[in-house]
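Numbering (the working numbering), first residue to last: 67 to 552.
Following this line, the structure appears as structure tokens:
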């Protein structure tokens, strides 16, 4: 039975959209109209017959017209399919006039509802950072990939693993946003399997439905490609680095096309920290370009789209304005790594430079290996120098647990049981030391450094108080503590 509707709204084109029996309002898929039309059927562009390589479709043929602004993508057998065409920015009118002059009377400036929600979410940045488990001094790098084999994830699926091995854990966390088409093409099971190593090393993996906007707002930098996330990130003031493999399919007059001219390139295989500094220096320029092109009606998109929808139905819109809601605080898939290589270099009587790296990814280390008792990788647990747990997680009393751990780990030097800012250090011969860190916020780091110092041969731990720990050029932690031999 055929169904009849008053109006339909779509962010897609192609397939059998022309068979829908009502007026159709077309709005952009992502921010604006950025991509050139790929020759062939429309479902190859929107993922209907994407292949199974990482990223999606393998069709590389590029035409000159713009997807969504051209006769090839707006017409079926010579007839315009949409009855109204929403544009995020007025500059798109000129490109529509070139690609499909007949459609210009149907076009209207609709703004960008996604951008409006991000603007509404900016005041909640600290809430999002807390949800991502960021500790004081940690910076968040959000890696965002569109789909297809020329996307960032398509050309370099191991990028996040290398970043986690390269960047000290106490200074950086890494989040990954993948286009929903990647999840749809390969399944959640496959995505998580590909990223299992990185996830054990602390990667924050955002689900396809939501969470990416919070990850962009919470970020200190965004690494991306020719996808719309790049425009949104730059427009809300995040420093960006852009990988350039997909530039051939981008209209240079579009928002992302102009952003490519302004943003520093991402070299996925080069040292990242110098690139981050370049991104920070370019931030004002990239923000100005993106903010000028992301929307011609910031804060008004829902009003404009609803107004046009009701006009198409010949009905008055509701009196109340539609709210642009901030995005919810996400539930994050990304626990801190269970195993960390801990490197400590003494620079003064009580001063140390400290770097810790996730042990689950290749290329990290060496150092003293401190492993959580719930580490499931037997190779890491079997080569640990220190195994630690919390008092609440103990499966028995502390002496019995320590005895069992030492019995199964011949190379182990210490066990550590933490109870908030307090800890018990036990050696293989049973010697017990009680530690108490004055500031609970520094306890995890200070206790790890003290365990490392003990493994490295320091026996008078009390002489090291207060610890001064340099985690980077602009990050120093002072941690007074006390020791009590048992």
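Cβ atoms here follow ideal geometry from the backbone N, Cα and C, with glycine treated the same way.
It should be emphasised that the depicted structure is a prediction, and the values quoted were computed from it without experimental measurement.
Three-way DSSP call (helix, strand, coil) for residue i in this model
i	result
residue 537	strand
residue 243	strand
residue 71	coil
residue 421	strand
residue 238	strand
residue 103	strand
residue 503	strand
residue 255	helix
residue 158	helix
residue 171	helix
residue 208	strand
residue 113	Annotation note: pLDDT 31 at residue 113 (below 50); position unreliable, coordinate value reported separately. Coil at residue 113, not helix or strand.
residue 465	helix
residue 201	coil
residue 83	helix
residue 531	coil
residue 118	Residue confidence for residue 118 is low, a pLDDT of 35 falling below 50, so the modelled location carries little weight and cannot support an answer.
residue 146	strand
residue 521	helix
residue 227	helix
residue 438	strand
residue 443	coil
residue 498	strand
residue 395	coil
residue 76	strand
residue 508	helix
residue 271	strand
Inter-residue CB distance, residue i and residue j (contact presumed, cutoff 8 Å)
i	j	result
residue 264	residue 227	5 Å
residue 103	residue 138	5 Å
residue 428	residue 407	With a Cβ gap of about 12 Å, residue 428 and residue 407 do not count as contacting.
residue 207	residue 173	At roughly 38 Å, the Cβ-Cβ gap does not stay under 8 Å, so residue 207 and residue 173 are not in contact.
residue 393	residue 183	6 Å
residue 193	residue 147	Actually they are not in contact, since the Cβ atoms of residue 193 and residue 147 sit about 42 Å apart, beyond 8 Å.
residue 170	residue 317	Actually they do not touch by this definition, with Cβ atoms about 17 Å apart.
residue 479	residue 493	7 Å
Through-space distance from residue j to residue i, alpha-carbon basis
i	j	result
residue 460	residue 412	33 Å
residue 495	residue 278	50 Å
residue 309	residue 164	29 Å
residue 53	residue 97	The requested residue 53 does not occur in the structure, where the chain is confined to residues 67 to 552.
residue 500	residue 447	24 Å
residue 522	residue 329	45 Å
residue 242	residue 486	30 Å
residue 235	residue 259	23 Å
residue 567	residue 291	Given a span of 67 to 552 for the chain in the structure shown, any question on residue 567 remains unanswerable.
residue 455	residue 90	59 Å
residue 125	residue 197	Residue confidence for residue 125 is low, a pLDDT of 39 falling below 50, so the modelled location carries little weight; the figure read from the coordinates is stated next. Taking the straight line from one Cα to the other gives about 39 Å.
residue 239	residue 205	6 Å
residue 321	residue 159	14 Å
residue 24	residue 311	Since the first and last residues shown for the chain are 67 and 552, residue 24 lies out of range.
residue 187	residue 439	38 Å
residue 302	residue 244	20 Å
residue 276	residue 248	14 Å
residue 449	residue 77	53 Å
residue 416	residue 434	19 Å
residue 200	residue 282	14 Å
residue 549	residue 490	10 Å
residue 135	residue 280	30 Å
residue 339	residue 542	18 Å
residue 323	residue 514	47 Å
residue 363	residue 175	8 Å
Where the alpha helix (DSSP H) containing residue i begins and where it ends
i	result
residue 193	191-197
residue 430	Counting along the chain, residue 430 falls outside any alpha helix (DSSP H), and DSSP gives it neither H nor E.
residue 412	Segment 405-412 is the beta strand (DSSP E) holding residue 412; no alpha helix (DSSP H) there.
residue 182	179-187
residue 139	137-140
residue 262	262-266
The ligand ADP heavy atom lying under 7 Å from the CB of residue i
i	result
residue 180	In the structure on display, the ligand ADP does not appear, and there are no ligands present to speak of.
Start-to-end residues for the beta strand (DSSP E) that takes in residue i
i	result
residue 150	150-153
residue 94	Element bounds for residue 94: n/a, residue is neither H nor E.
residue 488	488-493
residue 452	452-456
residue 475	Neither: residue 475 is in no beta strand (DSSP E) and is coded neither H nor E.
residue 219	Residue 219 -> not in any beta strand (DSSP E); alpha helix (DSSP H) instead, spanning 218-221.
residue 485	480-485
residue 549	547-551
Contact with chain C by residue i, beta-carbon distance below 8 Å
i	result
residue 391	Absence of chain C from the displayed structure is noted, only one protein chain being present.
For this session: Could you name each continuous beta strand (DSSP E) segment of 3 residues or more that falls completely within the region 277-303, going from the start of the chain to the end?
Result: 287-290
Exercise. Where are the beta strand (DSSP E) runs, 3 residues long or more, that stay fully inside the region 299-372, in chain order?
Worked result: 306-308
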